[in-house]
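Asks:
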Amino acid sequence: MLFTDSSLVTPNGFSISLATEWVENPEGGEYDRQDCERKAFQRLAKHLKESFPRLPILILADGLYPYEGFFATCRQYGWEWSTTFKEGNLSSLWEEIHALPPLQPANALSETRYTPGAVGLTTVAQNYRWVTGLDYQGHSLNWVSCEEITTRQVRQDHGTLTEKTELARFVHITSLPVDAKQAAHISRTARLRWKIENEGFNTLKNGGYGMEHKWARKSYRAMKNYYQFMQIAHLIHQLMLKWQRFVNRYLQGSNHPTVKSLWEDLLGAMQWSKVKGKQLRRWLETPVQFRFVT
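Convert by adding 456 to the 1-based position in the sequence shown; the result is the number in my numbering.
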């Protein structure tokens with residue numbers, strides 16, 4: 457089961473699927489080339505533009521997408537974009553990136569954050585560098601790198617505190633203008649793509665949805681339908697868990713019920729409760745404001 461999925465991601469953890477394009481060859485069995493993720497993206501992009509013609513969109517993509525066709529599609533539809541950029545991908549562009557930093561020495565920024573950890577403080581030091589004014593086959597783009605050093609205090613078995621240090625590097629290219637005011641924000645935003653993997657696919661695989669289970673062994677269409685229903689269920693799940701009122705009422709303190717038990721109670725209520733049409737209409741007509749946790 458291969459597909460390309462577009463999801464709306466937010467800093468507070470939402471990963472809401474907007475559209476899915478399946479990687480599949482024509483049913484007739486006659487085709488010149490195998491379908492692939494890049495071809496599926498072109499179909500998905502057209503569908504997104506038709507569905508949301510006036511919506512400003514920033515595409516966050518992985519290391520498969522830094523190529524001319526992707527840049528051209530985003531330009532055609534008026535979208536901005538940021539992609540993971542691996543060493544060696546678009547080698548001519550990397551040569552330019554390695555050559556330009558000495559000519560742009562001011563393009564650097566350092567930030568340090570301190571947050572309470574399980575034991576003591578957690579220190580996150582981030583060093584940003586960026587290169588602007590790059591060109592690839594007529595497409596103007598910018599490069600931004602973040603080297604992150606995370607230091608956590610850890611308590612050993614004998615009670616003493618030690619420090620554990622983790623190093624990470626995040627590299628992206630983007631169509632967005634990068635400067636000292638925006639470099640950190642652009643880098644953090646580009647890293648939101650991981651929420652598609654973590655809050656999205658990882659939840660569907662390991663959060664009780666059974667995404668890796670082969671629910672339909674004979675019908676490919678049935679399997680695709682199940683995936684669409686799974687996405688609808690996941691959307692409802694996220695709206696509930698991020699709803700401020702739900703969190704304050706049910707998920708505060710140390711003795712709150714598990715999310716699984718709450719869903720079992722809700723499912724039981726939906727199966728056995730009787731609601732009259734008049735009451736249902738009253739609920740639907742009552743204005744309700746949803747505020748989500750940030």
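We put the beta carbon where it would ideally sit given N, CA and C, even for glycine. Here the structure is a predicted model, which means the values were calculated and not measured.
Between Q582 and E552, how many whole angstroms is the CB-CB distance? I'm expecting something under 8 Å.
Replies: As a working mapping, residue 582 is identified with position 126 in the sequence shown. As a working mapping, residue 552 is identified with position 96 in the sequence shown. Rounded, the Cβ-Cβ distance is 24 Å, inconsistent with contact.
Asks: Could you tell me which residues DSSP pairs with T476 in its beta bridges?
Replies: For the purposes of this step, residue 476 is identified with residue 20 of the sequence shown, where counting begins at 1. Beta-bridge pairing links T476 to D461.
Asks: Give the secondary structure of Y592 by DSSP, where H, G and I count as helix, E and B as strand, and everything else as coil.
Replies: Counting from 1 along the sequence shown, the entry for residue 592 is found at position 136. Three-state DSSP puts Y592 in a strand.
Asks: So what's K674 in DSSP terms, helix, strand or just coil?
Replies: Sequence index remark: in the sequence shown, residue 674 carries index 218 (1-based). Note: K674 maps to coil in three-state DSSP.
Asks: If you scan the segment 509-539 from start to end, which runs of the alpha helix (DSSP H) of 4 or more residues do you find wholly inside it?
Replies: 524-533
Asks: Going by DSSP, name the residue or residues bridged to W739.
Replies: The count along the sequence shown starts at 1 and reaches residue 739 at position 283. Answer is none; W739 lacks a bridge partner.
Asks: Measure the Cβ-Cβ separation of T476 and T460 and say whether it is below 9 Å.
Replies: Numbered from 1 along the sequence shown, position 20 holds the residue referred to as residue 476. Numbered from 1 along the sequence shown, position 4 holds the residue referred to as residue 460. Yes. Within cutoff.
Asks: Pick out whichever of K637, W650, H693 has its Cα sitting closest to the Cα of L516.
Replies: The residue given as residue 516 occupies position 60 in the sequence shown. Of K637, W650, H693, the residue nearest in Cα terms is W650.
Asks: Mind checking Q560: buried by the 16 CB within 10 Å criterion, or exposed?
Replies: Looking up residue 560 in the sequence shown gives position 104. Exposed, since its Cβ has fewer than 16 Cβ neighbours within 10 Å.
Asks: Take K637 as the anchor and find which of V600, I629, T607, C530 has the nearest alpha-carbon.
Replies: By 1-based counting over the sequence shown, the position of residue 637 is 181. K637 has its Cα closest to that of V600, out of V600, I629, T607, C530.
Asks: Among P558, E524, K620, whose alpha-carbon lies nearest the alpha-carbon of Q593?
Replies: Here residue 593 is taken as the residue at index 137 of the sequence shown, counted from 1. Answer by Cα proximity: E524.
Asks: Which same chain residues end up closer than 7 Å to R499 when comparing Cβ atoms and leaving out the 5 residues on each side of it in sequence?
Replies: What you label residue 499 is simply residue 43 of the sequence shown in a count that begins at 1. E477.
Asks: In its own chain, which residues sit with a C-beta less than 6 Å from the C-beta of A564, not counting the 5 before and 5 after it?
Replies: Numbered from 1 along the sequence shown, position 108 holds the residue referred to as residue 564. Cβ within range, chain order: R585.
Asks: Looking at C-alpha atoms only, which residue of T742, Q727, W728 is the closest neighbour of K734?
Replies: In the sequence shown, counting from the first residue as 1, residue 734 sits at position 278. It is T742.
Asks: CB-CB under 6 Å to L632, same chain, minus the five flanking residues each way: which ones, in chain order?
Replies: Reading the sequence shown from its first residue, position 176 is the one you call residue 632. So the qualifying residues of the chain are E536, I642.
Asks: Assign C492 to buried or exposed, taking buried as 16 or more other Cβ atoms, counted over all protein chains shown, within 10 Å of its Cβ.
Replies: By one-based count along the sequence shown, residue 492 stands at place 36. Exposed is the call here.
Asks: Where does E506 sit, in a helix, a strand or coil, going by DSSP?
Replies: Locating residue 506 in the sequence shown gives position 50, counting from the first residue. Three-state DSSP puts E506 in a helix.
Asks: If contacts are defined as beta-carbon pairs under 8 Å, then A501 and T529 qualify, I think. What distance do you get, rounded to the angstrom?
Replies: As a first step, residue 501 is located in the sequence shown; it is residue number 45 there, counting from the start. As a first step, residue 529 is located in the sequence shown; it is residue number 73 there, counting from the start. Here A501 really is in contact with T529; their C-beta atoms are around 5 Å apart, less than 8 Å.
Asks: Between which two residues does the beta strand (DSSP E) containing E619 stretch?
Replies: Position 163 of the sequence shown holds residue 619. 617-630 is the span of the beta strand (DSSP E), which, as asked, contains E619.
Asks: Which whole-angstrom value describes the C-beta separation of K757 and V610, a residue pair presumed to lie in contact below a C-beta threshold of 8 Å?
Replies: This structure gives no information on residue 757, because the portion of the chain shown stretches from 457 to 750.
Asks: Ends of the beta strand (DSSP E) at R569?
Replies: Taking the sequence shown and counting its residues from 1, one reaches residue 569 at position 113. Per DSSP, R569 belongs to the beta strand (DSSP E) from 564-572.
Asks: If I follow the unbroken alpha helix (DSSP H) through G724, where does it start and stop?
Replies: If you number the sequence shown from 1, residue 724 lands on position 268. G724 -> alpha helix (DSSP H) spans 715-728.
Asks: Kindly indicate which three-state DSSP category A581 falls into: helix, strand or coil?
Replies: Taking the sequence shown and counting its residues from 1, the one referred to as residue 581 is at position 125. Three-state DSSP puts A581 in a strand.
Asks: Alpha carbon to alpha carbon, what distance is there between L648 and S547?
Replies: The residue labelled residue 547 in the question sits at position 91 within the sequence shown. The residue labelled residue 648 in the question sits at position 192 within the sequence shown. Using only the alpha carbons, I get a separation of about 26 Å.
Asks: Answer yes or no: do P512 and F541 have a C-beta to C-beta separation smaller than 9 Å?
Replies: Walking along the sequence shown from the start, residue 512 turns up at place 56. Walking along the sequence shown from the start, residue 541 turns up at place 85. Cβ distance not < 9 Å, so P512 and F541 don't count as in contact.
Asks: On the DSSP letters alone, give me the boundaries of the alpha helix (DSSP H) that W699 sits inside.
Replies: Walking along the sequence shown from the start, residue 699 turns up at place 243. Looking at the DSSP string, W699 is not in any alpha helix (DSSP H), and its letter there is neither H nor E.
Asks: Could you name the residues of the same chain whose beta carbon sits closer than 8 Å to that of N468, not counting the 5 residues immediately before and after it, in chain order?
Replies: Counted from its first residue, the sequence shown places residue 468 at position 12. Counting only Cβ-Cβ distances below 8 Å, and skipping sequence neighbours, we find K698, F748, V749, T750.
Asks: Whose CA, out of A640, L617, T630, F508, lies closest to the CA of G576?
Replies: Here residue 576 corresponds to residue number 120 of the sequence shown, with the count starting at 1. Measuring from the Cα of G576, the nearest candidate turns out to be L617.
Asks: Measuring alpha carbon to alpha carbon, tell me which residue in T607, F497, A646, Q708 is nearest N598.
Replies: Reading the sequence shown from its first residue, position 142 is the one you call residue 598. Nearest option by C-alpha distance: A646.
Asks: For S729 and Q687, I'd like the C-alpha separation in whole angstroms.
Replies: For the purposes of this step, residue 729 is identified with residue 273 of the sequence shown, where counting begins at 1. For the purposes of this step, residue 687 is identified with residue 231 of the sequence shown, where counting begins at 1. Spanning the two alpha carbons is a distance of roughly 25 Å.
Asks: Looking only at DSSP bridge pairs, what is T607 linked to?
Replies: Walking along the sequence shown from the start, residue 607 turns up at place 151. DSSP, once it has assigned bridges, lists T579, T621 as partnering T607.
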